[in-house]
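Going down the list, the sequences are from chains U, B and C. Count along the first sequence from 1, then add 1; that gives the number in the working numbering. Count along the second sequence from 1, then add 91; that gives the number in the working numbering. Count along the third sequence from 1, then add 364; that gives the number in the working numbering. Even glycine gets a Cβ: it sits at the ideal position worked out from N, Cα and C. What follows is a set of notes on a single structure, which appears directly below.
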Amino acid sequence: MAEKPIQGERKAFLTGNEVVAYAAVAGEADIMYGYPITPQNEIMHYWTRMAPKYGKRFLQTEDELSAGFTTLGGVLSGAKAFTATAGPGNTLMQEPMSMAEMMRIPAVFVIQQRGGPSTATVIYSQQEVTMTTYGGNGEGFRVVYSTATHQDLFDYTIKAFNTAWKYRFPTFVLGDGYQAKMRESVTIYDPQARGIELIKPTPYLGKPGSIGKDREVTHMRNTYNTEEELYEVVMSMAKEYDSVAPEIVEFDAREVDDAEIVIVSHGVVSRAALSAMLELRGAGYKVGYFRPVTLRPFPGDQLRKVADNAKRLLVVESALGQFNKLVQTNIYGSAATIDTIFKPGVGVTSEEIVAKIKATL
Amino acid sequence: MSVAPRMPKCWREESKPHKFCPGCGHGLVLKALGEAIDELGIQDKVVFGADIGCSLLAWDFFNCDTVQTHHGRTTPVVTGVKRANPDLVCIAYMGDGGGYAIGSQHLFNAAARNERILAVLVNNTQYGMTGGQMAPTTLPGQKTETSPYGRDIEQAGYPTQGPEAVAAITQDGAYVARGTVANLRQLKGFLKKALENQMAGNGFSFVEALSTCPTNWRTNAAKTWEFVEKEMTKYFKVGEIKAPGQKKEA
Amino acid sequence: MQRLVEAYIGEYASGKSENAINRAIELARQGRKVTLVDLDLVEPFYTLRPIQDELRQLGIDVVAWETRNTMGLGEAGNILKPEMKWVLRREGDIIMDIGYGVEGAKTLNLVEGALTDPDLKVFAVINVSRPMTFSIPDIIEHVQGMGLVQGLLNNTHLGDDTTADVIEAGAEVVAEAARLLNLPVVATSVDERLAAHFPGGVDRLGHPVRILRRFMPKAFW
């Protein structure tokens, strides 16, 4: 059996879904559970192509509820387990995700957003932001990385396993149908060769040894009897989430110091935003760029400073304001005004952003 | 084989007396299961999954590693555990609502894939924990809070024949039986065989246990036993339905 | 005139469509009658569907679905168009773009008469920058897994990061794999942006160079 799919590092030409599969193998995931849905299928196609070569396992389940819950089972037994889904599958998977939140199960979920509501399109959107950050009957105790490039997909899929197992919050790689299917070159690497330490998983259930002699028995639950009891649980979780959030938060801010307007976007849209900013800067416009990499936890303090400074934001997204809700909530109290480009389920080009800014400045 | 009056060794003393109603069959099913675990000496290797419904009261019942899950989702959680660590002995414990209604796709697909797990389903003909609503197993004519004039088979169909359905879709290697709390020795035998079947890696194991719910049936002890032994067995035949090596019934 | 029937098969994202399109255009420019067929049955993205009108204007007959005639692409599955099944009954050259999938060249079973057509040539498109075909043993395993293959086409590139060296290095790997498989290398494909690096119309190993004009970035959906 080959030990590693990637020795050292190498440039490769890949689709985003393949990148996720290679990153999961490179990040030493043990098992994937999944159910087919476009546009995430090639994650399963490539994971299953590699699985026997590298001693990995795969289970195709009967639906996304099962894919999510079997993933949790895999994690409970001490495996690095993950699943991938999109759109209506993400909707179904909110149930297991909420259990992962409540029970601090470090499962990794890869979401390739597609058009919504309902079946809509299999193509692309950023309409799963609200659901992925705050879905289920919960409080959003999750970590969500919104990727923009194939390199991000590789880097953050590996990182997601580490984040999940370090902090024990379910962790999401939020991509989209464009990223899933786009082809571009990417540097794939063995994380250990780059000095990235991969956290070793430990079992929650079925640990070795004899109960009462070598180890304690484990009883895990997500049900509580009283309001007070639940309140304690949720508030202690909130406290812990808030205390680690500053370590987890990631963002990319460029040219914001003297900016009169800052383009705020995430995911693949931030590629258009970045080129728009560079073009406008080249033409002498004082434009900045801010991209939260983590949507949960959100880089709220950082963005508020930028907003206070620039006094104007242009929020751009392929949804009807889901990302903007996060922005507004997080900069509440700032005097900055917000312009928007909302294109639910449709891509955004840098030309549109440039035109909008030229028209408003 | 006999059922001893004492607690099974793998029961958790700290959580006893248990929280099931007086006369509830769950305690009996869990006793039979506990003794089967003891006899096989597998306490340290068991991962027990407890569903929602009255089953969830079993979440701290055993001195075995346990995870309480969501309604209907115990089968996939336990499947996920087993797939990632096949050395463990995995048990999904659920009621008739969890197994035959909200989680039926999971139960039947786990069966079809011949997952090496044991699903134990307690059939007490209604939803106990939510206050006695109609379940897939409610008998024709039986009154519940959502079938106040009795289950109308025109409207609600006949009771689900779970083990028969599972037997029909499993391959050789599966073990399927229906026991009853009215014959605990037999039920323990079924559960033990089912666990051995999993440990041998043969295939899916499924045991339905006919059980009692005097609280929601509003029955005294005599009527409770009469209902289990006379009424339920009209629709639910007790016995082994499938075992590895047995020929399929024609 | 000898009729040409060529099928381009290969791994996911190996460049089958781009090579099939450019081959069809090249033949049409020579005044030949050419039909290009989209037989991608797995992947609803990056197919000929969105660019077929543009290709028709270049003098190629294209057999592919029109998006407006489909419903829920990727949701309902990719459907074989009846014209595709009978495409070999057409006159002139037939260039088939076969999608990826574990069944490889078996997709040709769906085209009536393909596997018994004496003119059929099946070429495997190889991009050595794709991890599944990084190495010579990988390529050999991959090509042998696809069934009928009569030649390899070196399509090594890294998208916008491609250099002439990347292409030449790929040619060496593909040539060695081809030698071990006892197959010819039919060509090396080169993005038109890098054409100047191949002035003799051949790569360093002497394989003929096919200049690629990139259509597929426009074919995203």
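Checklist entry - Hey, would you say residue 104(U) sits closer than 8 Å to residue 223(U), going by beta carbons? => result Yes, the pair counts as a contact, with Cβ atoms nearer than the cut-off.
Checklist entry - Listing by chain order, which chain A residues have their CB less than 8 Å from the CB of residue 525(C)? => result Of the protein chains in this structure, namely U, B and C, none is chain A.
Checklist entry - Which whole runs of the alpha helix (DSSP H) in the stretch 274-302 of chain B are 4 residues long or more, in chain order? => result Counting only runs of at least 4 residues, the stretch 274-302 of chain B fully encloses the following alpha helix (DSSP H) elements, listed from N- to C-terminal order: 275-290.
Checklist entry - Which value, in whole angstroms, describes the spacing of the CA atoms of residue 80(U) and residue 144(U)? => result Distance between the alpha carbons of residue 80(U) and residue 144(U) is about 19 Å.
Item to check | residue 159(B), enclosing beta strand (DSSP E) - first and last residue | outcome: Element bounds for residue 159(B): 156-159.
Next on the checklist: Distance check for residue 497(C) and residue 339(B), CA to CA, integer angstroms please.
Outcome noted: Residue placement at residue 339(B) is poorly supported in this model, since its pLDDT is 48, which falls under 50; the coordinates still yield a value, given next. Those two C-alpha atoms are separated by around 48 Å.
Checklist entry - Any chance the stretch 306-322 of chain B sits against the stretch 156-164 of chain B, with 3 or more Cβ pairs inside 8 Å? => result Using a C-beta cut-off of 8 Å, the stretch 306-322 of chain B makes no contact with the stretch 156-164 of chain B, since fewer than three inter-stretch Cβ pairs fall below that distance.
Next on the checklist: Our contact map puts residue 520(C) next to residue 489(C) with C-beta atoms below 8 Å; I'd like the distance itself, whole angstroms only.
Outcome noted: Actually they are not in contact, since the Cβ atoms of residue 520(C) and residue 489(C) sit about 10 Å apart, beyond 8 Å.
Item to check | Backbone CA spacing between residue 20(U) and residue 28(U) [nearest angstrom] | outcome: Looking at the two C-alpha atoms, the distance is approximately 12 Å.
Next on the checklist: Between residue 190(B) and residue 198(B), how many whole angstroms is the CB-CB distance? I'm expecting something under 8 Å.
Outcome noted: That belief holds up - the Cβ atoms of residue 190(B) and residue 198(B) are roughly 5 Å apart, short of 8 Å.
Checklist entry - Given that a residue counts as buried once 16 or more other Cβ atoms are within 10 Å of its Cβ, and exposed if not, what is residue 48(U)? => result If you draw a 10 Å sphere on the C-beta of residue 48(U), you find 16 or more other C-beta atoms in it, and that means buried.
Next on the checklist: Can you look up residue 266(B) in the DSSP assignment and give me helix, strand or coil?
Outcome noted: Strand, per DSSP.
Item to check | Residues of its chain near residue 447(C), where Cβ-Cβ distance is below 6 Å and the 5 sequence neighbours each way are ignored | outcome: The beta carbon of residue 447(C) lies closer than 6 Å to those of 427 in the same chain, with the five residues before and after it left out.
Next on the checklist: Rounded to whole angstroms, what is the Cα-Cα separation between residue 482(C) and residue 14(U)?
Outcome noted: In a straight line, the C-alpha of residue 482(C) is about 35 Å away from that of residue 14(U).
Item to check | Sequence ranges, beta strand (DSSP E) only - wholly within the stretch 167-253 of chain B, length at least 3 | outcome: Listed in chain order, the complete beta strand (DSSP E) runs (minimum 3 residues) inside the stretch 167-253 of chain B are 180-186 and 209-214.
Checklist entry - Is residue 506(C) near the ligand FMN, with its Cβ less than 7 Å from a heavy atom? => result With respect to the ligand FMN, the structure offers nothing, as it holds no ligand at all.
Item to check | Where the stretch 174-185 of chain B meets chain U: residues whose CB sits under 7 Å from a CB there | outcome: So the close ones are 174, 175, 176 and 179.
Checklist entry - Rounded to a whole number of angstroms, what is the C-alpha to C-alpha distance between residue 341(B) and residue 259(B)? => result Reliability fails at residue 341(B), whose pLDDT of 40 lies under 50, so the model's placement of it is uncertain and the value that follows must be treated cautiously. The straight-line gap separating the alpha-carbon atoms of residue 341(B) and residue 259(B) is approximately 11 Å.
Item to check | Rounded separation between residue 522(C) and residue 239(U) - CA only | outcome: Going by C-alpha positions, residue 522(C) is about 45 Å away from residue 239(U).
Checklist entry - Going by beta carbon distance, what residues of the same chain come within less than 8 Å of residue 208(B), once the five residues before and after it are set aside? => result 166, 169, 170, 173, 181, 182, 183, 201, 289, 295 and 296.
Checklist entry - Since residue 317(U) contacts residue 266(U) with CB under 8 Å, what's their CB separation in whole angstroms? => result The C-beta distance from residue 317(U) to residue 266(U) rounds to 4 Å, short enough to meet the 8 Å contact threshold.
Checklist entry - Buried or exposed: residue 268(U), going by 16 or more other Cβ atoms within 10 Å of its Cβ? => result Buried is the call here.
Item to check | Neighbour flag for residue 63(U) against chain B, beta carbons, 8 Å | outcome: Residue-level contact check: residue 63(U) touches chain B, since one or more beta carbons of chain B fall below 8 Å from its beta carbon.
Next on the checklist: What does the alpha-carbon distance come out to for the pair residue 107(U) and residue 101(B)?
Outcome noted: Near 29 Å, if we compare the C-alpha coordinates of residue 101(B) and residue 107(U).
Next on the checklist: Just to confirm before moving on: does the CB-CB distance between residue 249(B) and residue 334(B) stay below 8 Å?
Outcome noted: In this structure, residue 249(B) lies away from residue 334(B), with their beta-carbon atoms at least 8 Å apart.
Checklist entry - What do you reckon, are the CB atoms on residue 114(U) and residue 177(U) nearer than 8 Å? => result Yes, the pair counts as a contact, with Cβ atoms nearer than the cut-off.
Item to check | As assigned by DSSP and simplified to three states, the class of residue 220(U) | outcome: Three-state result, residue 220(U): strand.
Next on the checklist: Only counting the same chain, and skipping five residues up and downstream in sequence, which positions put a Cβ closer than 6 Å to that of residue 396(C)?
Outcome noted: Counting only Cβ-Cβ distances below 6 Å, and skipping sequence neighbours, we find 457.
Next on the checklist: Counting C-beta neighbours from all protein chains within 10 Å, is the total for residue 371(C) 16 or more, i.e. buried, or is it exposed?
Outcome noted: Residue burial annotation: residue 371(C) is buried, with at least 16 other C-beta atoms found within 10 angstroms of its C-beta.
Checklist entry - What are the boundary residues of the alpha helix (DSSP H) that includes residue 152(B)? => result Per DSSP, residue 152(B) belongs to no alpha helix (DSSP H) and is neither H nor E.
Checklist entry - Are the C-beta of residue 6(U) and some C-beta of chain C separated by less than 8 Å? => result Yes, residue 6(U) lies at the interface with chain C (some Cβ there is under 8 Å from its Cβ).
Checklist entry - At a cut of 8 Å, does the stretch 47-66 of chain U reach the stretch 231-249 of chain U through at least three beta carbon pairs? => result With the cut-off at 8 Å, the stretch 47-66 of chain U and the stretch 231-249 of chain U do not touch.
Checklist entry - Who are the near neighbours of residue 597(C) in its chain, counting only those whose CB is closer than 6 Å to its CB and skipping five residues on each side? => result The question about residue 597(C) has no answer here: the residues shown for chain C are numbered 365 through 585.
Checklist entry - Nearest-angstrom Cα distance between residue 17(U) and residue 158(U)? => result Roughly 11 Å between the two C-alpha positions.
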